[in-house]
Amino acid sequence: MNKIIPALLAIVVTVGLGALFPSASGATTKPNAQPTVLTVSAAASLTDVFPVIADAFTKRFPNTVIKFNFAGSSTVMNQVIAGAPADIIATASEPTMQIGVDSKQVLRPLFFARNSLAIAVPAGNPANIKNLADLQRTGTLLGVCDTAVPCGSAAAQLFTKNKLNVTPVTRELDVRSLLGKVISGDLDAGVVYATDVKAAGSKVEFVEIPIKENVTTVYPIAMVAQSQSAVLSNRFVNFVRFSNTSQGILRAFGFAKPW
Amino acid sequence: MIPGLVALIFLLVPLIALIAQTPWESFPKIISSPEALEALRLSLLTSLAATALAAIFGIPMAWLLAREVLPFTGLLRALVIVPLLLPPVVSGVALLEALGRRGLIGGFLYDNFDITFPFTTVGVVIATTFVAMPFLIITLEGGFRSLHQRYEDAAATLGASPKRIFFRVTMPMVAPAAIAGLVLCWARALGEFGATITFAGNFPGVTQTMPLAVYTALESDRSVAIALSLVLLVVSVGVLVALRGRYLQTRAS
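Which chain is which? The protein sequence lines are A and B, in order.
Taking this note's numbering, I'd label the letters of the first sequence as residues 88 to 346.
Taking this note's numbering, I'd label the letters of the second sequence as residues 35 to 287.
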């Protein structure tokens, strides 16, 4: 036992250090021969809809395997800029995509969807939130995303636009962890994307934000410059943007047209 | 020999890269910014509080395990170590289920006393204690075990009370293990990320500790993240130096 403990500690300390830097995307393996693997790095808010679009794509273009890496938009962009292997990147904000364009890591982004904000509340709406103004009530545990990620900057715009004086208790780093804390009832309300409340189904209720008060974001998708499968990557980008199949799926998941 | 050297390089290169990428010109400005100081203050406060809690409750637990006072000691030892092997995010989820506002115990506390832990500094202390305390227990248990019971028996025959024996005989003799355990526990508490962000959330000045500040900064400004990481690296190396008797010796005496 005495010999095991230092060894165990060494393992744990190493693992612990790894936990400090959780942005690593994990090792990827090259396929042996046939199916072409496309790696799609995408904003967390696309977690549910992209696999469905990918299924439709692989039906159209068999012998393709699509892998996903979902995280906050800035995280996936950072990973691509740092050279993480990805063929396609889709973000939840134009400025984030522009960073990749400026550093010449991504090519010709296309807008393929639009999203707006909604107020997610736990089932039963215990804090009785009815509109944006209710978020200002003292004692309301309000969660937002950090302003470094698109859902957070959109929320900040929302508050400014409507001259709201709110005091959030947490600034989550992606919209899914924010929604998780609303679903668990630890938050009274969270400002999330309209599509996220749709995806969560009956686990969460939502309060609509009228169009006049709301803030919208557009989603660009682009091929990563160093993609090893440029032709297929381009096809995927065009499929997401232009095909009726993909656009139909996006509508079903609550995304609006970007044009 | 070669695999061993590979391990060495593998463990060292990322640390060297971190130092090499540090933006030295802006470093003083970054680490003296109000946000960084706030995160550092919060990290020190919560990690020290977690270590104190671990000492108050973990040292007696280590003694109970070492002396096999309780039934099923083997099983209990395994259970106590679980949080140490668990992915910290899972610990955070488990804590939410137990102490969240609708959790097993948290629900009762919220409904009856209006007490909530998530999104508070106390929540950070709870999360870090949960993850770090096993380090103290497992290290100190080894210390208690290697201490022969005859010293305690001798003190007892001389008429010392159990409490007196524990504080005047047992603890002084396991002091090196206790110090090593406390330092490891503190270092782990200082580096805690997953359980904290999952259970306590992320808000500057309340729950945003250094590791959370690093991760948040990574979203907006990489050089800030690297500068803050370097501070944590320096602290880790400092811990190693503090424990030099344990790890830097070429041979056990």
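For glycine and all other residues, C-beta sits at the position ideal for the given N, C-alpha and C.
> Short check: CB of B:A229 to CB of B:P57, under 7 Å?
Replying inline: no
> If you count every other CB in all the chains shown that lies within 10 Å of the CB of B:Y249, and 16 or more means buried, which is it?
Replying inline: buried
> Are the C-beta of A:A141 and some C-beta of chain B separated by less than 7 Å?
Replying inline: no
> Cβ of B:L52 less than 7 Å from any chain A Cβ?
Replying inline: Taking Cβ atoms only, chain A never reaches closer than 7 Å to B:L52, which makes this a no.
> Rounded to a whole number of angstroms, what is the C-alpha to C-alpha distance between B:Y144 and B:G134?
Replying inline: 9 Å
>> Please classify B:W97 as buried or exposed, where buried requires at least 16 other C-beta atoms within 10 Å of its C-beta.
In response: When all chains shown are included, B:W97 counts as buried.
>> With H, G and I counted as helix, E and B as strand and the rest as coil, what does DSSP make of B:M205?
In response: helix
> Which residues of chain A have a Cβ atom closer than 8 Å to the Cβ of B:R278, listed in chain order?
Replying inline: Neighbours of B:R278 on chain A: none; closest Cβ ~15 Å, over 8 Å.
>> Please confirm whether B:R135 has its beta-carbon closer than 7 Å to some beta-carbon of chain A.
In response: Taking Cβ atoms only, chain A reaches closer than 7 Å to B:R135, which makes this a yes.
> Taking C-beta to C-beta, are B:P245 and B:P168 nearer than 7 Å?
Replying inline: no
> Quick one: does A:S314 have its CB under 7 Å from some CB of chain B?
Replying inline: no
> Among residues of its own chain, excluding the 5 on either side of A:E181, which ones have a beta-carbon nearer than 7 Å to its beta-carbon?
Replying inline: V305 and P307
> For B:M167, which three-state DSSP category applies?
Replying inline: helix
> Does the beta-carbon of A:N215 have 16 or more other beta-carbons within 10 angstroms, so that it is buried, or is it exposed?
Replying inline: exposed
>> On the DSSP letters alone, give me the boundaries of the alpha helix (DSSP H) that B:F44 sits inside.
In response: I36 to A54
> Quick one: what's A:N331 bridged to in DSSP?
Replying inline: In the DSSP output, where bridge partners are listed per residue, A:N331 has none listed.
>> Looking at the secondary structure, which residues open and close the beta strand (DSSP E) in which A:R195 lies?
In response: V193 to P209
>> Any beta carbon of chain B sitting closer than 7 Å to that of A:A242?
In response: no
>> Would the segment 64-78 of chain B count as touching the segment 309-324 of chain A if we require 3 or more Cβ pairs under 8 Å?
In response: no
> Using a Cβ-Cβ cut-off of 8 Å (strictly less than) and excluding sequence neighbours within five positions of B:L262, which residues of its own chain qualify?
Replying inline: I64, I65, A70, A73, M244, A247, V248 and A251
>> Just to confirm, is the Cβ distance from A:A276 to A:I206 under 7 Å?
In response: Yes, Cβ-Cβ distance for A:A276 and A:I206 is below 7 Å.
>> Restricting to Cα atoms, I'd like to know which of B:C219, B:E102 and B:S270 is closest to B:G92.
In response: Cα-wise, what sits closest to B:G92 is B:C219.
>> With a threshold of 8 Å, are at least 3 pairs of Cβ atoms found where one atom belongs to the segment 162-179 of chain A and the other to the segment 293-302 of chain A?
In response: no
> Does B:N236 come within less than 7 Å of chain A when only Cβ atoms are used?
Replying inline: Closer than 7 Å to some Cβ of chain A, the Cβ of B:N236 qualifies, so yes.
> Going along the chain, which unbroken runs of the alpha helix (DSSP H) with 4 or more residues stay wholly within the segment 140-191 of chain B?
Replying inline: 140-147, 155-180 and 183-191
>> Run through chain B and tell me which residues come within less than 9 Å of A:V256, C-beta to C-beta.
In response: P152, F153, T154, G235, F237, V240 and T241
>> Can you pull the chain B neighbours of A:T178, defined as C-beta to C-beta under 8 Å?
In response: Listed by position along chain B, the residues whose Cβ is nearer than 8 Å to that of A:T178 form an empty set, because the closest Cβ is around 12 Å away.
> Can you check whether the CB of A:P196 is closer than 7 Å to the CB of A:T126?
Replying inline: no
>> With the cut-off set at 7 Å, would you say A:L219 and A:V278 are in Cβ contact?
In response: no
> What are the boundary residues of the alpha helix (DSSP H) that includes A:E181?
Replying inline: Here the alpha helix (DSSP H) through A:E181 covers E181 to D189.
>> Within 7 Å of any Cβ in chain A, is that where the Cβ of B:S287 sits?
In response: For B:S287, the predicted structure reports a pLDDT of 43, less than 50, and the residue's modelled location is therefore unreliable. The matter cannot be settled from this model.
> Are any of the Cβ atoms in chain A nearer than 7 Å to that of B:S257?
Replying inline: no
> Within 7 Å (strictly less), CB to CB, does B:E102 reach chain A?
Replying inline: no
>> Tell me which residue opens and which closes the alpha helix (DSSP H) that A:N252 is part of.
In response: First-last for A:N252: undefined, no H or E at that position.
>> At the level of alpha carbons, what is the spacing between A:P109 and B:T155?
In response: Only weak support exists for where A:P109 lies, its pLDDT of 40 falling under 50; the coordinates are left without a value.
>> Beta carbons nearer than 9 Å to chain B: which residues of the segment 217-235 of chain A have them?
In response: Using a CB distance below 9 Å, the part of the segment 217-235 of chain A facing chain B consists of L228, G230, D233, T234 and A235, ordered along the chain.
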